[in-house]
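Asker: My questions all concern the structure below.
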Amino acid sequence: MSTLIEQFRQSSPLFGGNAPFIEDLYERYLQDPNSVPDNWREYFRTFQEQLATGQDVAHGPIRESFIRLAKQAGFGSKPISVTMDQAAAEKQATVLRIINAYRTRGHQVAQLDPLALRDRPLISDLEPTFHGLTEADMDTVFNTGSLQLDPQMKLRDILDAIRTIYTGTIGSEYMHITKTEEKRWIQKRLEGTRAHLNLSVDEKKELLQHLVAAEGLEKYLHTKYVGQKR
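Here is the structure:
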(Lines of atoms letter the chains of each structure in order from A; the text may use other names.)
(Lines give C-alpha, C1' and ligand atoms only; values in the text may rest on other atoms or scores of the structure.)
Protein backbone atom coordinates (compact mmCIF):
# COMPACT_ATOMS: atom_id res chain seq x y z
CA MET A 1 0.00 0.00 0.00
CA SER A 2 2.88 2.38 0.72
CA THR A 3 3.84 2.51 -2.97
CA LEU A 4 0.32 3.46 -3.99
CA ILE A 5 0.00 6.12 -1.30
CA GLU A 6 3.35 7.55 -2.37
CA GLN A 7 1.92 7.89 -5.87
CA PHE A 8 -0.93 9.94 -4.39
CA ARG A 9 1.42 12.16 -2.41
CA GLN A 10 3.43 12.95 -5.49
CA SER A 11 0.44 13.34 -7.77
CA SER A 12 -1.50 16.26 -6.32
CA PRO A 13 -0.92 19.18 -3.94
CA LEU A 14 -4.43 18.56 -2.63
CA PHE A 15 -3.33 15.30 -1.06
CA GLY A 16 0.13 16.29 0.12
CA GLY A 17 -1.08 16.80 3.69
CA ASN A 18 -4.06 14.50 3.50
CA ALA A 19 -2.39 11.10 3.28
CA PRO A 20 -4.22 9.71 6.36
CA PHE A 21 -7.59 10.28 4.68
CA ILE A 22 -6.49 8.56 1.47
CA GLU A 23 -4.76 5.75 3.38
CA ASP A 24 -7.93 5.09 5.33
CA LEU A 25 -10.00 5.11 2.14
CA TYR A 26 -7.56 2.69 0.51
CA GLU A 27 -7.57 0.38 3.53
CA ARG A 28 -11.34 0.26 3.29
CA TYR A 29 -10.98 -0.59 -0.41
CA LEU A 30 -8.57 -3.44 0.41
CA GLN A 31 -10.96 -4.86 3.00
CA ASP A 32 -14.06 -4.44 0.84
CA PRO A 33 -13.86 -2.76 -2.59
CA ASN A 34 -17.62 -2.16 -2.49
CA SER A 35 -17.27 0.03 0.62
CA VAL A 36 -15.84 2.95 -1.40
CA PRO A 37 -17.57 4.93 -4.16
CA ASP A 38 -17.36 3.67 -7.74
CA ASN A 39 -15.02 6.44 -8.89
CA TRP A 40 -12.48 5.76 -6.12
CA ARG A 41 -12.77 2.00 -6.59
CA GLU A 42 -11.96 2.38 -10.27
CA TYR A 43 -8.90 4.58 -9.54
CA PHE A 44 -7.56 2.19 -6.92
CA ARG A 45 -8.05 -0.78 -9.25
CA THR A 46 -6.32 1.05 -12.12
CA PHE A 47 -3.37 2.04 -9.94
CA GLN A 48 -2.91 -1.52 -8.73
CA GLU A 49 -2.86 -2.82 -12.30
CA GLN A 50 -0.36 -0.17 -13.41
CA LEU A 51 1.92 -0.75 -10.44
CA ALA A 52 1.79 -4.51 -11.00
CA THR A 53 2.85 -4.14 -14.64
CA GLY A 54 5.46 -1.49 -13.91
CA GLN A 55 3.77 1.09 -16.13
CA ASP A 56 4.48 4.76 -15.55
CA VAL A 57 1.53 6.78 -14.31
CA ALA A 58 1.02 10.22 -15.85
CA HIS A 59 0.70 12.71 -13.00
CA GLY A 60 -1.19 15.40 -14.91
CA PRO A 61 -4.42 13.43 -15.42
CA ILE A 62 -4.18 12.03 -11.89
CA ARG A 63 -3.88 15.49 -10.41
CA GLU A 64 -6.86 16.86 -12.30
CA SER A 65 -8.99 13.79 -11.63
CA PHE A 66 -8.28 13.71 -7.91
CA ILE A 67 -9.02 17.41 -7.51
CA ARG A 68 -12.32 16.86 -9.30
CA LEU A 69 -13.11 13.81 -7.17
CA ALA A 70 -12.24 15.60 -3.94
CA LYS A 71 -14.80 18.31 -4.70
CA GLN A 72 -17.57 15.77 -5.20
CA ALA A 73 -19.76 14.56 -2.36
CA GLY A 74 -19.80 10.98 -1.12
CA PHE A 75 -16.21 9.95 -0.46
CA GLY A 76 -17.39 7.12 1.75
CA SER A 77 -20.38 4.86 2.04
CA LYS A 78 -22.16 7.73 3.83
CA PRO A 79 -22.02 11.43 2.94
CA ILE A 80 -19.42 13.58 4.68
CA SER A 81 -20.78 16.68 6.38
CA VAL A 82 -17.68 18.75 5.74
CA THR A 83 -17.45 20.61 2.43
CA MET A 84 -14.52 19.03 0.68
CA ASP A 85 -12.78 22.07 -0.70
CA GLN A 86 -9.05 22.19 -0.11
CA ALA A 87 -9.22 23.96 3.27
CA ALA A 88 -11.90 21.61 4.58
CA ALA A 89 -10.02 18.59 3.23
CA GLU A 90 -6.95 19.70 5.17
CA LYS A 91 -9.06 20.02 8.34
CA GLN A 92 -10.43 16.55 7.75
CA ALA A 93 -6.94 15.14 7.34
CA THR A 94 -5.87 16.93 10.53
CA VAL A 95 -8.65 15.22 12.49
CA LEU A 96 -7.50 11.83 11.22
CA ARG A 97 -3.93 12.70 12.22
CA ILE A 98 -4.92 13.50 15.80
CA ILE A 99 -6.89 10.24 16.01
CA ASN A 100 -3.75 8.45 14.86
CA ALA A 101 -1.66 10.39 17.39
CA TYR A 102 -3.84 9.13 20.24
CA ARG A 103 -3.65 5.59 18.92
CA THR A 104 0.14 5.83 18.74
CA ARG A 105 1.03 7.81 21.88
CA GLY A 106 -2.04 7.87 24.11
CA HIS A 107 -0.64 5.09 26.31
CA GLN A 108 2.14 7.45 27.39
CA VAL A 109 -0.34 9.59 29.33
CA ALA A 110 -2.76 6.84 30.37
CA GLN A 111 -3.85 6.79 34.02
CA LEU A 112 -1.81 3.77 35.09
CA ASP A 113 -0.67 5.11 38.48
CA PRO A 114 -3.60 4.78 40.94
CA LEU A 115 -1.66 6.60 43.65
CA ALA A 116 -0.76 9.48 41.32
CA LEU A 117 2.86 9.41 42.50
CA ARG A 118 4.20 10.46 39.11
CA ASP A 119 3.25 13.34 36.90
CA ARG A 120 2.04 12.28 33.50
CA PRO A 121 4.17 13.67 30.65
CA LEU A 122 2.90 16.37 28.33
CA ILE A 123 2.63 15.07 24.78
CA SER A 124 2.27 18.06 22.48
CA ASP A 125 0.86 16.20 19.48
CA LEU A 126 -2.10 15.03 21.56
CA GLU A 127 -3.27 18.62 21.85
CA PRO A 128 -5.69 19.95 19.20
CA THR A 129 -3.83 23.26 19.01
CA PHE A 130 -0.67 21.42 17.94
CA HIS A 131 -2.55 20.35 14.83
CA GLY A 132 -4.05 23.77 14.19
CA LEU A 133 -7.50 22.95 15.57
CA THR A 134 -9.25 25.57 17.68
CA GLU A 135 -12.43 26.01 19.69
CA ALA A 136 -14.12 27.21 16.51
CA ASP A 137 -13.71 23.70 15.05
CA MET A 138 -15.20 21.83 18.01
CA ASP A 139 -18.78 21.69 16.73
CA THR A 140 -17.82 20.88 13.14
CA VAL A 141 -18.78 17.38 12.01
CA PHE A 142 -15.93 15.31 10.60
CA ASN A 143 -15.53 11.88 9.08
CA THR A 144 -14.05 9.58 11.75
CA GLY A 145 -12.23 7.34 9.26
CA SER A 146 -11.42 3.93 10.72
CA LEU A 147 -12.36 4.95 14.28
CA GLN A 148 -14.74 2.24 15.46
CA LEU A 149 -17.52 4.65 16.42
CA ASP A 150 -20.07 6.65 14.45
CA PRO A 151 -18.88 7.41 10.88
CA GLN A 152 -19.36 11.14 11.49
CA MET A 153 -19.01 13.03 14.76
CA LYS A 154 -18.40 16.53 16.06
CA LEU A 155 -14.74 17.20 16.79
CA ARG A 156 -15.61 17.76 20.44
CA ASP A 157 -17.12 14.28 20.66
CA ILE A 158 -14.22 12.70 18.76
CA LEU A 159 -11.72 14.17 21.22
CA ASP A 160 -13.79 13.07 24.23
CA ALA A 161 -13.96 9.55 22.83
CA ILE A 162 -10.27 9.09 21.98
CA ARG A 163 -9.21 10.59 25.32
CA THR A 164 -11.47 8.16 27.16
CA ILE A 165 -10.22 5.23 25.10
CA TYR A 166 -6.50 5.93 24.96
CA THR A 167 -5.67 8.04 28.04
CA GLY A 168 -7.93 6.33 30.58
CA THR A 169 -7.02 3.43 32.84
CA ILE A 170 -5.99 1.14 29.97
CA GLY A 171 -2.67 1.71 28.20
CA SER A 172 -2.95 0.44 24.62
CA GLU A 173 0.21 0.15 22.54
CA TYR A 174 -0.40 -1.72 19.30
CA MET A 175 0.30 0.60 16.35
CA HIS A 176 3.62 -1.16 15.72
CA ILE A 177 1.63 -4.12 14.38
CA THR A 178 2.11 -4.29 10.62
CA LYS A 179 -0.98 -6.28 9.65
CA THR A 180 -3.97 -4.00 9.18
CA GLU A 181 -6.54 -6.69 9.98
CA GLU A 182 -4.86 -7.33 13.35
CA LYS A 183 -4.89 -3.64 14.23
CA ARG A 184 -8.54 -3.39 13.20
CA TRP A 185 -9.33 -6.38 15.43
CA ILE A 186 -7.89 -4.58 18.44
CA GLN A 187 -9.51 -1.27 17.52
CA LYS A 188 -12.94 -2.86 17.14
CA ARG A 189 -12.79 -4.26 20.66
CA LEU A 190 -11.10 -1.26 22.23
CA GLU A 191 -12.72 1.67 20.45
CA GLY A 192 -16.05 -0.02 19.87
CA THR A 193 -16.55 -0.34 23.64
CA ARG A 194 -14.79 2.94 24.50
CA ALA A 195 -12.32 0.84 26.50
CA HIS A 196 -15.06 -0.29 28.87
CA LEU A 197 -15.40 -4.03 29.39
CA ASN A 198 -18.84 -5.20 30.46
CA LEU A 199 -17.72 -8.25 32.42
CA SER A 200 -19.95 -10.34 34.61
CA VAL A 201 -19.00 -11.11 38.22
CA ASP A 202 -17.93 -14.63 37.23
CA GLU A 203 -15.75 -13.30 34.40
CA LYS A 204 -14.07 -10.86 36.77
CA LYS A 205 -13.38 -13.65 39.25
CA GLU A 206 -11.89 -15.81 36.52
CA LEU A 207 -9.60 -12.99 35.39
CA LEU A 208 -8.51 -12.43 39.00
CA GLN A 209 -7.67 -16.12 39.36
CA HIS A 210 -5.46 -15.99 36.27
CA LEU A 211 -3.69 -12.86 37.54
CA VAL A 212 -3.09 -14.39 40.98
CA ALA A 213 -1.79 -17.61 39.38
CA ALA A 214 0.59 -15.68 37.11
CA GLU A 215 1.86 -13.61 40.04
CA GLY A 216 2.38 -16.74 42.13
CA LEU A 217 4.31 -18.48 39.35
CA GLU A 218 6.55 -15.44 38.88
CA LYS A 219 7.36 -15.30 42.60
CA TYR A 220 8.14 -19.02 42.63
CA LEU A 221 10.48 -18.73 39.64
CA HIS A 222 12.20 -15.75 41.23
CA THR A 223 12.83 -17.76 44.40
CA LYS A 224 13.78 -20.99 42.64
CA TYR A 225 16.01 -19.48 39.96
CA VAL A 226 17.56 -16.40 41.53
CA GLY A 227 19.16 -14.07 39.02
CA GLN A 228 17.94 -16.04 36.01
CA LYS A 229 15.90 -14.59 33.20
CA ARG A 230 12.23 -15.51 33.40
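For reference, each letter of the sequence shown is one residue, going 1 to 230 in the working numbering. Yeah, the Cβ is synthetic: ideal placement off N, Cα and C, and Gly gets one too. All values reported here derive from a predicted model rather than from experimental measurement.
(1) What three-state label does DSSP hand V141 in the structure shown?
(2) I'd like the ranges of any beta strand (DSSP E) spanning at least 3 consecutive residues and lying wholly in the segment 119 to 163.
(3) Shorter than 8 angstroms, the distance from the beta carbon of D139 to the closest heavy atom of the ligand PLP, or not?
(4) By the three-class DSSP mapping on this structure, what secondary structure does D113 have?
(5) Indicate whether at least one CB of chain C lies closer than 9 angstroms to the CB of T144.
(6) Mapping the DSSP letters down to three states, classify G216 as helix, strand or coil.
(7) Helix or strand or just coil, what does DSSP make of N100?
(8) Return yes when the Cβ of I165 is within less than 9 angstroms of the Cβ of Y102, no when it is not.
(9) Buried or exposed for A161, going by 16 or more other Cβ atoms inside 10 Å?
(10) Below 7 angstroms CB to CB, which residues in the same chain sit around E27 once its five sequence neighbours on both sides are set aside?
(11) Drop a sphere of 10 angstroms on the beta-carbon of I99, count the other beta-carbons inside from all chains shown, and report buried for 16 or more, exposed for fewer.
(12) Are P33 and F47 close, meaning C-beta to C-beta below 9 angstroms?
(13) Taking the alpha carbon of R97 as the point to measure from, which residue in E23, G168, V36, P114 has its own alpha carbon closest?
(14) Distance check for K91 and D85, CA to CA, integer angstroms please.
(15) With distances taken Cα to Cα, identify the nearest neighbour of A89 among L197, N143, E49, T223.
(16) Buried or exposed: Y225, going by 16 or more other Cβ atoms within 10 Å of its Cβ?
Answerer: The relevant details are as follows:
(1) strand
(2) 141 to 143, 152 to 154
(3) As far as ligands go, the structure on display features none, and thus does not contain the ligand PLP.
(4) coil
(5) Within the model displayed, chain C is absent; a lone protein chain is all it includes.
(6) helix
(7) It is helical.
(8) yes
(9) buried
(10) Only residues of its own chain outside the window of five on either side were considered, and among them S146, T180 have a CB closer than 7 angstroms to the CB of E27, listed in chain order.
(11) buried
(12) Not in contact: P33 and F47 (Cβ atoms no closer than 9 angstroms).
(13) E23
(14) 10 angstroms
(15) N143
(16) With fewer than 16 neighbouring CB atoms inside 10 Å of its own CB, Y225 falls in the exposed class.
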